[in-house]
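Residue numbers (the numbering used here): 1083 to 1381.
Even for Gly, the Cβ is constructed at its ideal location relative to N, Cα and C.
All values reported here derive from a predicted model rather than from experimental measurement.
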């Protein structure tokens, strides 16, 4: 996928990628521009991204484009590894989705952060998995939202499962977590993002249309009806919360599509693990939805 010229296929440039190219080719480093001298400033300005890309170009004598291609590869590899490990090679076909392509080849900073964070969603020992999460936070502070949703959901879901509570109740709680996050980045986002040092208004783009959101909202409704074994794959916890965040964001008039994109392999895995009564229909609907995505993406 990395070798395919997706910008030529789409007939347009990836906006975020162009911004990164301009920064690395024409502007000075963030450290010099912001006059960063403290550890706190380094974190708040997410300077590790700038440092890593510039250092890679010098150390390995690579062009900026080549380094960004490596970032795309790492993101896609982490997504592919997660899916193949649980659902076989055929699951790779579902990575050929415009949503994934835009994420891996344009939203490069968050793509790298999610690739680094992946061990958290797979490791049994969450203590050691926190280390890559901390590193990823220096690249993109939105990592705090994803890790926070997952850890809160994981702790609550495990506790409720031990109490033999209904999976519908667990799903409802996870949806509640997602709605809370959407509330924080929507009506309350200024205060919350200021508290975590996120200086950018990342969610001021146009919200997804109801038609676009329909499939993901349907999936969010179906998931709480699954058996308790559905949550044997920990990453499904984040999938439910992310779907709820997207749905609530759309209701609040916020563009929350990146919550779907960043957790895409977990959501795809969740579809593959639905019970037999709804799984064939949802997979068929997913394929049809992807076809519609491709149609509009190529326009």
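Can you give the Cα-Cα distance for residue 1133 and residue 1360, rounded to whole angstroms?
Stepping through the chain shown from its first residue, residue 1133 is reached at position 51. Stepping through the chain shown from its first residue, residue 1360 is reached at position 278. The alpha-carbon atoms of residue 1133 and residue 1360 are separated by roughly 47 angstroms.
Given a cut-off of 8 angstroms on the beta-carbon distance, is the pair residue 1221 and residue 1202 in contact?
Along the chain shown, one-based indexing puts residue 1221 at 139. Along the chain shown, one-based indexing puts residue 1202 at 120. Judged by their CB atoms, residue 1221 and residue 1202 are not nearer to each other than the 8 angstroms cut-off.
Going by the CB atoms, is the gap between residue 1158 and residue 1217 shorter than 8 angstroms?
Within the chain shown, numbered from 1, the residue matching residue 1217 stands at position 135. Within the chain shown, numbered from 1, the residue matching residue 1158 stands at position 76. Contact flag unset, no.
Report the residue from 1172, 1297, 1223, 1235 whose alpha carbon sits nearest the alpha carbon of residue 1363.
Along the chain shown, one-based indexing puts residue 1363 at 281. With distances taken between CA atoms, residue 1363 lies nearest to 1297 out of 1172, 1297, 1223, 1235.
Kindly indicate the opening and closing residues of the alpha helix (DSSP H) around residue 1204.
Here residue 1204 refers to the residue found at position 122 of the chain shown. Run containing residue 1204: 1190-1204, per the alpha helix (DSSP H) assignment.
Looking only at its own chain, which residues have a Cβ that is under 7 angstroms from the Cβ of residue 1103, when we skip the five neighbours before and after it?
Within the chain shown, numbered from 1, the residue matching residue 1103 stands at position 21. Same-chain partners within the cutoff: 1146.
Within its chain, find whatever has a CB closer than 8 angstroms to the CB of residue 1262; leave out the 5 residues flanking it on each side and keep chain order.
One-based indexing of the chain shown puts residue 1262 at position 180. Answer for residue 1262: no residue qualifies.
Distance check for residue 1097 and residue 1188, CA to CA, integer angstroms please.
Walking along the chain shown from the start, residue 1188 turns up at place 106. Walking along the chain shown from the start, residue 1097 turns up at place 15. Their backbone Cα atoms lie some 7 angstroms apart in a straight line.
Taking the straight line between their C-alpha atoms, what separation do you get for residue 1116 and residue 1228?
Residue numbering aside, residue 1116 sits at position 34 when the chain shown is read from its first letter. Residue numbering aside, residue 1228 sits at position 146 when the chain shown is read from its first letter. For residue 1116 and residue 1228, the distance between alpha carbons rounds to 27 angstroms.
Report the rounded CA-to-CA distance for residue 1353 versus residue 1143, giving the unit in angstroms.
Mapped onto the chain shown, residue 1353 falls at position 271. Mapped onto the chain shown, residue 1143 falls at position 61. The alpha-carbon of residue 1353 is positioned some 42 angstroms away from that of residue 1143.
With a cut-off of 8 angstroms on the beta carbons, I'd call residue 1250 and residue 1180 a contact; round off their distance for me.
Reading the chain shown from its first residue, position 168 is the one you call residue 1250. Reading the chain shown from its first residue, position 98 is the one you call residue 1180. Separation of the CB atoms of residue 1250 and residue 1180 is rounded to 32 angstroms, and the pair is thereby denied contact status at 8 angstroms.
What residue does the alpha helix (DSSP H) around residue 1154 start on, and which one ends it?
The residue you call residue 1154 lines up with position 72 of the chain shown. Residues 1146-1169.
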